[in-house]
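Numbering (the numbering used here), first residue to last: 778 to 1447.
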RNA sequence: GCCGGGUUAGCUCAGCUGGUAGAGCAACCGCCUUGUAAGCGGUAGGUCGUCGGUUCGAGUCCGACACCCGGCACCA
């Protein structure tokens, strides 16, 4: 007598089914509507194919398009699968490798046929067309369990060396599965963990779009072959796809490079690629931010210093940068260049100096001056330190990734027992600053020891534990902060906490960081005299909140779409006249605002007010102060906040100045 | 650094299969004294990223290089 399986449903009811039954059977038993709508199943919490039989008693919930997260994940994974099949249909000889779902779609990495070369964007429409054909065939996606040798042999026989390699290296004990498009012997198949939708026809043929091509290294390793990756975005419906494409267009309008040019904030040019030319308006933002942060650091017990740009290679050898970081450094010979025409500038026997890529060694040198007592600790040395790093050219990105940047750097020299409290206090300071800048979402990661590193395992154990403990103590090791640990991603001298902000199109950028370092104090021989009268090594906490002023401003631009809060706006108010009779009064208004510490300008051009409103609105000036004959006579100002539907109010000059002065107060002075 | 794409007036972009460059906006000049997102008219503006090649002739075809864009790798 066969034992029936008990299947518990979300409504609390339990159904009994024959062994070998599947979630699809249960769905069908409940009703034809559900059977049709079901996309996959959660069996004991695990997402599975509808057609995969139960292994025993189970809790089951059926996944439909109303379970958007699961449904999207499934659909995107399936789009990737369909993409791979389409590509192999069109371009025989292309090898498949790997193709997951992403946040808004999917990609698949291919090894192109040798006679063809990588894919280009011109290939995409053709591939999209073939994908629609695959979807229209509406074949079932059939799961089969294969053993390892069969997989390896099968892929080898097909000339699929990447898949064969992958199959050979998958960990033991895992069920190895393939999915076939259709039941035919020769149906297309890919090795894949699944799960998948029941048939390709469950995909909407008009809810995806192939977006771009790129190179990608096999297994993410630069030493391996360069594959050809095709990216797509995929959704459950055409409507969702269209909404996403609109979002992308909107995001493109927030691009800091575009807004930076339109608002005249900065520019970049070939002669100094990777370094920013800050224009007056852009530098006003910089100065407001720097002044704000300086006040916050002063209040938090930091002392500001300034250290040399160019230092001898001997220092960098001692610090370890020469060994582990030299590829990223700009090295300069310590000699006068030859004045002879055509002669090389460098003789080759001059001493070498390097532009600093980091501020830390210089801060240790300051710490080392004079004897330090345990009573002096912690010592917090801060610097708006301009660093140069010779970054890989392909990595440069607007002002978010540059070769010259200014860190809001500081190094806290402290005792072992002060680490956790100092890091926790830093986490609080950073949180406060981010919120005051309008970033209420950021992610915290802990980057653990890399392969290439200095220092003993014991030192790393302690440093990692301390950082982890501090984030826990600050209450931020939570999902809300995207808390996770990243093995192998620490700096060569220390593990680091990373604080990430998000740009307009959802890319994340590391801004803040704290690193607990015992290596550099050792290498540069920093010490303090302890209570016991003996010399001890301080710990050095490297930390930054903005990370780089350039990057932070770039992200601020994107987050605000150029509409800065009043205290940061490059021009806070423009006084625009309607008639030239108001010009003198307008100058007086600008003068009063300037005296009150505001950044105000006059627009006295002989132009219609419509034009002035339009131009200053496009320039994202927070307040337009309109002056006509009436205002000039009554000594009032018509205040027009930025925004097409903004209402306007008329107030006396004194009241206006007071109001803007109050509103423009930086958040820490309120 | 690697893969793909791009570089034409200040900006956004046309320029078919090679026959010495075009629009809109901006700029400049003139008129308009103007009431809340483009007033009207006129003028000027480009060695087509750089270097080399093919050709009677190259913005257009080929090559190298530079920079930019999207990814990969690297990273604040």
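All C-beta atoms in this analysis are idealised placements derived from N, C-alpha and C, irrespective of residue type, glycine included. If you're wondering where the values come from, they're calculated on a predicted model, not measured in any experiment.
- Query: Going straight from the alpha carbon of residue 1346 to that of residue 1288, what length do you get?
  - Reply: So the alpha carbons of these two residues sit roughly 21 Å apart.
- Message: Just to confirm the assignment, what range does the alpha helix (DSSP H) spanning residue 932 have?
- Response: Under the DSSP assignment, residue 932 falls in the alpha helix (DSSP H) whose first and last residues are 925–934.
- Query: To the nearest whole angstrom, what separates the beta carbons of residue 1269 and residue 1000, a pair I think is in contact under 8 Å?
  - Reply: Contact flag wrong, Cβ pair sits at about 19 Å.
- Have a look at the DSSP bridge pairing and note the partners of residue 1110. In the DSSP assignment, residue 1110 is bridged to 1129.
- Query: What residue range is occupied by the uninterrupted alpha helix (DSSP H) comprising residue 1332?
  - Reply: It spans 1326–1337 - the alpha helix (DSSP H) in which residue 1332 sits, taken as one unbroken run.
- Item | Pairwise C-alpha distance: residue 1157 and residue 1085 | Distance between the alpha carbons of residue 1085 and residue 1157: 18 Å.
- Compare the Cα-Cα distances from residue 1058 to each of 850, 1367, 1294, 1350 and report the closest residue. That would be 1350, whose Cα lies nearest to the Cα of residue 1058.
- Query: According to the Cβ coordinates, are residue 820 and residue 839 closer than 7 Å?
  - Reply: Not a contact, by the Cβ cut-off of 7 Å.
- Is DSSP giving residue 1288 helix, strand or coil here? Here residue 1288 sits in strand by DSSP.
- Message: Less than 7 Å between the beta carbons of residue 827 and residue 815, yes or no?
- Response: When the beta-carbon positions are compared, residue 827 and residue 815 come within less than 7 Å of each other.
- Any chance you could list the alpha helix (DSSP H) runs of at least 4 consecutive residues sitting entirely within the segment 1021–1092, in chain order? Every unbroken stretch of the alpha helix (DSSP H) spanning 4 or more residues and falling wholly within the segment 1021–1092 is given here in chain order: 1033–1039, 1057–1076.
- Message: Output needed for residue 1359: all residues of its chain with C-beta closer than 8 Å, excluding positions within five of it in sequence on either side, in chain order.
- Response: The residues are 1404, 1405, 1406, 1408, 1409.
- So what does residue 1003 bridge to, in DSSP terms? Per DSSP, 994.
- Query: Anyone know if the C-beta pair for residue 1313 and residue 1220 falls short of 7 Å?
  - Reply: Result no, Cβ atoms of residue 1313 and residue 1220 do not sit closer than 7 Å.
- Message: Can you list, in chain order, the residues of its chain with a C-beta nearer than 6 Å to that of residue 1078? Leave out the 5 residues immediately preceding and following it.
- Response: Around residue 1078: 1157.
- Task: Leaving aside the five residues before and after residue 953 along the sequence, list all residues of the same chain whose C-beta is less than 8 Å from its C-beta, in chain order.
- Result: If we look at residue 953 and ignore the five residues flanking it on each side, its Cβ neighbours are 922, 923, 924, 925, 928, 944, 947, 968.
- Message: Per DSSP, what are the beta-bridge partners of residue 920 in this structure?
- Response: 956, per the DSSP bridge assignment.
- Would you kindly check if the distance between the Cβ of residue 1301 and the Cβ of residue 1141 is under 7 Å? Residue 1301 is positioned such that its CB atom lies closer than 7 Å to that of residue 1141.
- Task: Leaving aside the five residues before and after residue 1070 along the sequence, list all residues of the same chain whose C-beta is less than 6 Å from its C-beta, in chain order.
- Result: If we look at residue 1070 and ignore the five residues flanking it on each side, its Cβ neighbours are 1185.
- Message: Rounding to the nearest angstrom, what Cα-Cα distance links residue 1233 and residue 1239 in this structure?
- Response: So the two alpha carbons sit approximately 10 Å from each other.
- Going by the CB atoms, is the gap between residue 1207 and residue 1244 shorter than 7 Å? For residue 1244 and residue 1207, no; Cβs fall outside 7 Å.
- From which residue to which residue does the beta strand (DSSP E) around residue 1164 run? In the DSSP assignment, residue 1164 falls within the unbroken beta strand (DSSP E) covering 1156–1165.
- Would you give the residue range spanned by the alpha helix (DSSP H) that residue 1371 belongs to? 1360–1372 is the span of the alpha helix (DSSP H), which, as asked, contains residue 1371.
- Residues in its own chain within less than 7 Å of residue 1286 by CB, not counting five upstream and five downstream? Close CB contacts of residue 1286 within its chain, under the 7 Å cut and outside five residues either way in sequence, are with 1177, 1277, 1278, 1280, 1328, 1332 (chain order).
- Nearest CA to the CA of residue 1199: which residue from 849, 1161, 1024, 1251? With distances taken between CA atoms, residue 1199 lies nearest to 1251 out of 849, 1161, 1024, 1251.
- Task: Take residue 1087 as the anchor and find which of 1135, 901, 1124 has the nearest alpha-carbon.
- Result: Nearest C-alpha to residue 1087: 1135.
- Does the segment 877–887 come close enough to the segment 928–938 that 3 or more CB-CB pairs lie under 8 Å? Flag = no, the segment 928–938 and the segment 877–887 do not touch.
- For the segment 845–856 and the segment 793–810, state whether three or more C-beta atom pairs, one from each stretch, are separated by less than 8 Å. Not touching, per the Cβ criterion.
- Pull up the DSSP beta-bridge partners for residue 875, would you. Answer by DSSP bridge pairing, in chain order: 886.
- Message: When you compare the segment 1106–1115 with the segment 1149–1167, are there three or more beta-carbon pairs, one atom per stretch, that lie closer than 8 Å?
- Response: Contact between the segment 1106–1115 and the segment 1149–1167 is present, because at least three Cβ pairs lie under 8 Å.
- Item | Identity of the residue in 965, 950, 951 nearest residue 957 by Cα | It is 965 whose Cα lies nearest to the Cα of residue 957.
- Query: Is residue 1126 near the ligand SAM, judged by its Cβ being under 6 Å from some heavy atom?
  - Reply: Questions concerning the ligand SAM fall outside what the structure shown contains, since it holds no ligand whatsoever.
- Query: Hey, how far is the Cα of residue 894 from the Cα of residue 1031?
  - Reply: Spanning the two alpha carbons is a distance of roughly 35 Å.
- Query: Helix, strand or coil for residue 1275 per DSSP?
  - Reply: Residue state, collapsed to three classes: strand.
- Item | Contacting residues, own chain, Cβ-Cβ under 7 Å from residue 1034 (five flanking each side not counted) | Within the same chain, residue 1034 has close Cβ partners 1175.
- Please go through the same chain and pick out, in chain order, the residues whose beta-carbon is closer than 7 Å to the beta-carbon of residue 1454, but skip the five residues on each side of it. The first residue shown for the chain is 778 and the last is 1447, placing residue 1454 beyond what the model contains.
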